[in-house]
Amino acid sequence: MKENKRNIWVFHVTPKASDPQGLKFKAIEDYKQKSAFGLLPVHIDLDGYSSYYKGISNCILWPAFHNMPENIIKSDNLEAEINDYMQVNRMFAEAIFAIERKPNDFIWIQDYHLTLVCQHLREKEDPDNPLKVGFFLHTPFELDKNFVYNYAKHGIVVNLFRAVIEGMLHCNKVGFQTHKDRNNFIELIYGSEEGGSEEPGHLIKIEIDGITPVGGCILGVYPASFETKKFVKLANKKEMKAQAKEFRNDVMRASSPDGKLFFSVERFDYTKGIKEKLLAIDKYLEKYRDRVGKDVFFQVAVLNRSNISSYSRYQRECHLLVTEINNKYGQSNYKPIVFSTDSVNRDELIIRYLAMDIGIVTPFKDGMNLVAKEMIISNPKASLILSEGAGTHHQLSENELNDTYHLVKGNDDYEHFLDDFVDVLYNAATLDEAIRNERGLRLSNFLIKYDAIKWGKDFVNEKYED
Numbered sequence: 001m002k003e004n005k006r007n008i009w010v011f012h013v014t015p016k017a018s019d020p021q022g023l024k025f026k027a028i029e030d031y032k033q034k035s036a037f038g039l040l041p042v043h044i045d046l047d048g049y050s051s052y053y054k055g056i057s058n059c060i061l062w063p064a065f066h067n068m069p070e071n072i073i074k075s076d077n078l079e080a081e082i083n084d085y086m087q088v089n090r091m092f093a094e095a096i097f098a099i100e101r102k103p104n105d106f107i108w109i110q111d112y113h114l115t116l117v118c119q120h121l122r123e124k125e126d127p128d129n130p131l132k133v134g135f136f137l138h139t140p141f142e143l144d145k146n147f148v149y150n151y152a153k154h155g156i157v158v159n160l161f162r163a164v165i166e167g168m169l170h171c172n173k174v175g176f177q178t179h180k181d182r183n184n185f186i187e188l189i190y191g192s193e194e195g196g197s198e199e200p201g202h203l204i205k206i207e208i209d210g211i212t213p214v215g216g217c218i219l220g221v222y223p224a225s226f227e228t229k230k231f232v233k234l235a236n237k238k239e240m241k242a243q244a245k246e247f248r249n250d251v252m253r254a255s256s257p258d259g260k261l262f263f264s265v266e267r268f269d270y271t272k273g274i275k276e277k278l279l280a281i282d283k284y285l286e287k288y289r290d291r292v293g294k295d296v297f298f299q300v301a302v303l304n305r306s307n308i309s310s311y312s313r314y315q316r317e318c319h320l321l322v323t324e325i326n327n328k329y330g331q332s333n334y335k336p337i338v339f340s341t342d343s344v345n346r347d348e349l350i351i352r353y354l355a356m357d358i359g360i361v362t363p364f365k366d367g368m369n370l371v372a373k374e375m376i377i378s379n380p381k382a383s384l385i386l387s388e389g390a391g392t393h394h395q396l397s398e399n400e401l402n403d404t405y406h407l408v409k410g411n412d413d414y415e416h417f418l419d420d421f422v423d424v425l426y427n428a429a430t431l432d433e434a435i436r437n438e439r440g441l442r443l444s445n446f447l448i449k450y451d452a453i454k455w456g457k458d459f460v461n462e463k464y465e466d
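Take 1 as the starting number for the sequence shown in our numbering and just add one per residue.
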């Protein structure tokens, strides 16, 4: 898609107080001259962006899409923030509408920040020449038919989310990461997963008078991916492998030779299951004392949204757990947990993937978790641990690859989840190397084929292509 000169990327730009000369805008103008595709920035002022992104997207919609109402934070200016969210969506629609279009052009909207864009486009379009619009939701969709009851105390949030759902239904096509997400969406609309009509290609059509476009709104499942071959190429470089060996030797220097390096990387977010993972590690080291002094858990939790109370509280709790566990099981130079909140670039990530024995991706609730795919594509000799909350688990299980990774079960039963997690960690640490290599290779071969190009083509299929 990036190589097609007719494609245009519409994105937001917000000036910073620290950039009075507008260097960001100048950089964009310079990049326009080099880019193979078009760039159209939408200028959003700092106050409007704060309300739209932090106030509504992060504090309201993010926890709602994950069905975690306890993490919703409503400000005293909620109505004004909702208006700003709507205004930003309107600005995107106006920018898109101003683009000179051809009859078969397809508009592809990405994620929960822009759920109302299509509705604003419909208000301006020519009914005799309707736009073709798609929407892809990168987060999970965990809400169900009990939404109104569960969120009643949040009042205006229910009305906002109704508008969000209607906004999505104005699209010709809506894509989800998993069948579970799509089923939840259908259940929320109809009160049952049986709603809508089946279409060829495992699609579901929704038709609601006054909301969906002519021909209905098509719901599909499109597990997201990335440019897999780039990761393979980088992971095969000699210098990367040499740096991975050096990294591993440094991290494992105080461990026994038969110790295993577990690796995790995610944003420091309450949906990612970091706290639950730390509690499981504590129970693991307590139950399997022979692994103390051997195994190291290297956790990268990239700090973000710390100015939101639900995040800062969660992050503090995790830091306290790390200190407690390291004090409890540490031996001279050995610490079972290495915990970093610094961001890591792509090359540094691949080095860590190559160094690890076992990758852990165990969110409580999440979208597709591209990290899980990156891990095994970069290092097919590693084992992978997933939770039922990981979208990757759903994609792999639907393709009969359940036996290629370790699964932590019991997301709905906290105690069972932790107990299962402990045993999964042990099984992964003691798995025969030949079995681990065979599983990883099968998994890697599957994931490499389902790259970002296939994901994009599957969504923008022949029905919408020029």
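Here a beta-carbon is modelled for each residue, glycine too, at the ideal position from N, C-alpha and C.
Specify the secondary structure class of residue i as computed by DSSP and reduced to three states.
{"i": "A301", "result": "strand"}
{"i": "P328", "result": "According to the sequence shown, residue 328 is Lys rather than Pro. Three-state DSSP puts K328 in a helix."}
{"i": "Y464", "result": "Below a pLDDT of 50, predicted positions are generally treated as unreliable, and Y464, at 47, falls in that range; the measurement from the model is reported next regardless. The answer is coil: DSSP assigns Y464 none of H, G, I, E or B."}
{"i": "H154", "result": "helix"}
{"i": "F147", "result": "helix"}
{"i": "F97", "result": "helix"}
{"i": "Y52", "result": "helix"}
{"i": "N104", "result": "coil"}
{"i": "L321", "result": "helix"}
{"i": "K16", "result": "coil"}
{"i": "H113", "result": "helix"}
{"i": "G167", "result": "helix"}
{"i": "V10", "result": "strand"}
{"i": "S35", "result": "coil"}
{"i": "G134", "result": "strand"}
{"i": "Q315", "result": "helix"}
{"i": "E276", "result": "helix"}
{"i": "I350", "result": "helix"}
{"i": "E142", "result": "coil"}
{"i": "D45", "result": "coil"}
{"i": "A129", "result": "The displayed chain sequence assigns Asn, not Ala, to residue 129. Strand."}
Should residue i be flagged as near chain C, meaning a C-beta pair shorter than 8 Å?
{"i": "K153", "result": "This model lacks chain C altogether, as it is built from one protein chain only."}
Pick out whichever of the options has its Cα sitting closest to the Cα of residue i.
{"i": "N326", "options": "Y353, A434, L278 and N402", "result": "L278"}
{"i": "E70", "options": "L431, S50 and Y151", "result": "Y151"}
{"i": "K272", "options": "A163, D290 and L303", "result": "L303"}
{"i": "G201", "options": "A429, I218 and S343", "result": "I218"}
{"i": "T362", "options": "Y190, Y270 and G191", "result": "Y270"}
{"i": "I72", "options": "G167, S310 and F106", "result": "S310"}
{"i": "Y414", "options": "L261, F364 and I360", "result": "F364"}
{"i": "V488", "options": "I8, K34, E433 and S35", "result": "Nothing can be reported for residue 488: it is not among the residues displayed for the chain, which extend from 1 to 466."}
{"i": "S340", "options": "I274, E433, E239 and I96", "result": "I274"}
{"i": "V300", "options": "D420, E94, Q315 and V214", "result": "Q315"}
{"i": "I281", "options": "R267, V322, R305 and N184", "result": "V322"}
{"i": "P213", "options": "A429, E125, I337 and I56", "result": "E125"}
{"i": "K16", "options": "R101, V133, T430 and D47", "result": "D47"}
{"i": "E187", "options": "N345, I165 and L40", "result": "I165"}
{"i": "D111", "options": "D128, Y53 and D357", "result": "Y53"}
{"i": "A337", "options": "L23, S343, H319 and K145", "result": "The sequence as given places Ile at residue 337; Ala does not occur at that position. Nearest option by C-alpha distance: H319."}
{"i": "K24", "options": "K205, K34 and H12", "result": "H12"}
Between residue i and the rest of its own chain, which residues show a CB-CB distance below 6 Å, the 5 nearest in sequence each way excluded?
{"i": "F226", "result": "L370 and A452"}
{"i": "F207", "result": "Per the sequence shown, residue 207 should be read as Glu rather than Phe. Result list for E207: G216, in chain order."}
{"i": "S51", "result": "E81 and D84"}
{"i": "D466", "result": "Residue confidence for D466 is low, a pLDDT of 38 falling below 50, so the modelled location carries little weight; the figure read from the coordinates is stated next. So the qualifying residues of the chain are N104."}
{"i": "Y464", "result": "Annotation note: pLDDT 47 at Y464 (below 50); position unreliable, coordinate value reported separately. Cβ neighbours of Y464 beyond the five flanking positions: F106 and K132."}
{"i": "E239", "result": "none"}
{"i": "R436", "result": "S383"}
{"i": "Q331", "result": "G293"}
For the ligand SAH, any of its heavy atoms closer than 7 Å to the Cβ of residue i?
{"i": "P213", "result": "Absence of the ligand SAH from the depicted structure is noted, as is the absence of any ligand whatsoever, leaving it without description."}
Below 7 Å CB to CB, which residues in the same chain sit around residue i once its five sequence neighbours on both sides are set aside?
{"i": "D258", "result": "K294"}
{"i": "L256", "result": "Rather than Leu, the amino acid found at residue 256 in this sequence is Ser. The residues are G293 and K294."}
{"i": "R267", "result": "V302 and N304"}
{"i": "T228", "result": "I377, L447, I448 and D451"}
Skipping 5 residues on each side, what residues in its chain have a beta carbon closer than 8 Å to that of residue i?
{"i": "A355", "result": "A244, K245, F247, R248, V251, L261 and F263"}
{"i": "N333", "result": "R253 and A254"}
{"i": "C171", "result": "I109, C118, V133, G134, F135, P213 and C217"}
{"i": "F459", "result": "W108, G134, F136, K173, G175, G220 and Y222"}
Output the residue ranges of the alpha helix (DSSP H) runs that lie fully inside the segment 405 to 431 and measure 4 residues or longer, sorted by chain position. 414 to 430
Between the segment 277 to 288 and the segment 249 to 258, do at least 3 Cβ pairs fall closer than 8 Å? no
Is the segment 370 to 379 close to the segment 195 to 215, with three or more CB pairs under 8 Å? no
Counting only runs that start and end within the segment 352 to 407, where is the alpha helix (DSSP H) found for 4 or more residues in a row? 370 to 378 and 391 to 398
Let me know the beta strand (DSSP E) ranges lying completely inside the segment 169 to 253, each 3 residues or longer, listed in chain order. 173 to 176, 197 to 199, 203 to 206 and 217 to 221
Tell me whether the segment 21 to 37 and the segment 59 to 79 touch, counting them as touching only if at least three CB pairs, one residue from each stretch, are closer than 8 Å. No, the segment 21 to 37 does not touch the segment 59 to 79.
At 4 residues or longer, and completely inside the segment 58 to 84: list those alpha helix (DSSP H) runs for me, N to C. 62 to 65
Cβ contact (3+ pairs, closer than 8 Å) linking the segment 81 to 90 and the segment 137 to 149: no
Count the C-beta pairs between the segment 335 to 355 and the segment 226 to 237 that are closer than 8 Å, then say yes if the count reaches three, no if not. yes
Is the number of C-beta pairs between the segment 438 to 455 and the segment 379 to 399 that are closer than 8 Å three or more? yes
Counting pairs of Cβ atoms below 8 Å between the segment 383 to 402 and the segment 166 to 179, do you hit three or more? Touching, yes.
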